[in-house]
Amino acid sequence: MAFRPRYLPRLTYPFRILGMGLTALPVGVVLHDVQAGWLAWTWLGLSCLAWPHLAYAWARRSQDPYGAEARNFLIDSAIAGSFLPLMHFNLLPSAVLLTVATADKVNSGVPGLWLRALPGMVLAVLAVGLLTGFEVDLASRTGVILACLPIMTIHTLAVSANLYRLVRRVQDQNRQLALMTRRDSLTGVDSRSHWEDQARKLLDQHQREAAPACLLLLDIDHFKTINDRHGHGVGDDVLRALARRMGETLPASGIHGRLGGDEFVVALPLPVTEALEHAERLRAAVQALEFPEVPELSISISLGLAPPPHGGDLRAWLEVADHALYRAKHGGRNRIERTEPLAATPAT
């Protein structure tokens, strides 16, 4: 189902006031030149001064504000078309009104609205033309040209400024969405998909240029017991505290991610010996964590460290690190196990 914003009448209201008010200038000058009667002047006043407020009230009170405002746009075009015969089709203001009326439909964002508005505009031209005898006087004197300048400039700039504001808002929302897809919402480290993209780049660089690289896979010891004993809120606090310690202790060049649950992973552009030193500092820093709301709680982590397997992909690298983590968990926990480079297992 298409998105139908209820705020469309509120967004359109000031622009309709501005557009119809500026329209009154060239139309009024031409009506004076052609010595139009009181009916034409009354129609001009109702259209340019009263209609914007009536349209807004109608749309606001409707159960479907979006649909009501779309109908208002169609009436706008019919009004613009009605002015052409009244002005004896004076060339410049007629062209300006038709252009502005059509551009407003395009700028509204309502799909296909400008096409749906054309029949009403044509019918209005024909109906009023029949009443006025289709008198034609195309010439636009200097006064008429000057009267057209405000709607050509002010209205165009106002619409452009609004579009610029909307584009900036969309850009900001896109940036926020991109950040949400890159970050784990609970801990602030990279999401799994974003981490994998960055880790593959590091692995490719290692395989092309022999650049140093290590993978650090870690999880919290007895994390299920922590959740069962203290609740998932405390468990979330533990995950956030671990993520902060990772940011404080590990190199900024590392690619920090969360694989899921209590399992985290860091791709480090370092040789094994340096990565091992950082891993040990992280292990000690996590063991020293305190939780004032749960004073009796202390946590530890187990870590598996692995350089890339020869010729392997990211999945193979993760499997090697996971084997090292497995040995750390089953070797007593709160410790680090490392794996030497191994040849990648051929695919079967």
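Sequential numbering of the sequence shown, starting at 219, is according to my numbering.
For each residue, glycine too, the CB sits at the ideal point set by N, CA and C.
The ligand HEM heavy atom lying under 7 Å from the CB of residue i
i	result
P303	As presented, the structure is devoid of all ligands, the ligand HEM included, so that no description of it is given.
Residue i, buried or exposed, once every other Cβ within 10 Å from all chains shown has been counted against 16
i	result
A535	The sequence shown places Trp at residue 535, not Ala. It counts as buried.
V340	exposed
T374	exposed
A431	buried
R501	buried
V346	buried
D215	This structure cannot speak to residue 215, because the chain is shown only from 219 to 566.
L434	buried
T241	buried
P311	buried
E287	buried
S295	buried
S300	buried
T371	exposed
R234	buried
L226	buried
Y231	buried
R447	exposed
A542	buried
A169	In the structure as shown, the chain begins at 219 and stops at 566. Residue 169 is therefore absent and cannot be evaluated.
A277	buried
L257	exposed
S326	buried
S378	exposed
V324	exposed
S411	exposed
R386	exposed
A428	exposed
S358	buried
P303	buried
Coarse secondary structure for residue i, derived from DSSP in three states
i	result
L560	With a pLDDT of 46 at L560, under the threshold of 50, the predicted position of this residue should be treated as unreliable, though the coordinate-derived value follows. Three-state result, L560: coil.
D282	coil
H306	coil
P402	In the sequence under discussion, the amino acid at residue 402 is Asp, which differs from the Pro named in the question. Residue state, collapsed to three classes: coil.
D408	strand
Q193	No answer is possible for residue 193: the residues shown for the chain start at 219 and end at 566.
P227	helix
S326	coil
V252	coil
DSSP bridge partner residues for residue i (one or two, in chain order)
i	result
S520	D437
C432	L486
Stretch pair the region 251-269 + the region 398-411: three plus CB contacts closer than 8 Å: no
With three or more C-beta pairs closer than 8 Å as the rule, is the region 531-551 touching the region 486-499? no
Within the region 437-514, ranges of the beta strand (DSSP E) (whole runs, at least 3 residues): Entirely contained in the region 437-514, the beta strand (DSSP E) runs reaching 3 residues are, in chain order, 473-478, 481-486.
Which whole runs of the alpha helix (DSSP H) in the region 346-385 are 4 residues long or more, in chain order? 360-368
Whether or not the region 410-422 and the region 473-482 are in contact is what I'm after, with contact meaning three or more pairs of Cβ atoms, one per stretch, closer than 8 Å; do they touch? yes
When you compare the region 346-360 with the region 404-412, are there three or more beta-carbon pairs, one atom per stretch, that lie closer than 8 Å? no
Does the region 551-558 come close enough to the region 510-530 to have 3 or more Cβ pairs within less than 8 Å? yes
At which residue ranges does the region 534-559 contain complete beta strand (DSSP E) runs of 3 or more residues, listed in the order of the chain? Scanning the region 534-559 from its first residue to its last, the whole beta strand (DSSP E) runs of 3-plus residues come out as 554-556.
Taking 8 Å as the cut-off, does the region 247-257 touch the region 269-289 (at least 3 CB pairs, one atom from each stretch)? A contact between stretches requires three or more CB pairs, one per stretch, nearer than 8 Å, and the region 269-289 fails this requirement with the region 247-257.
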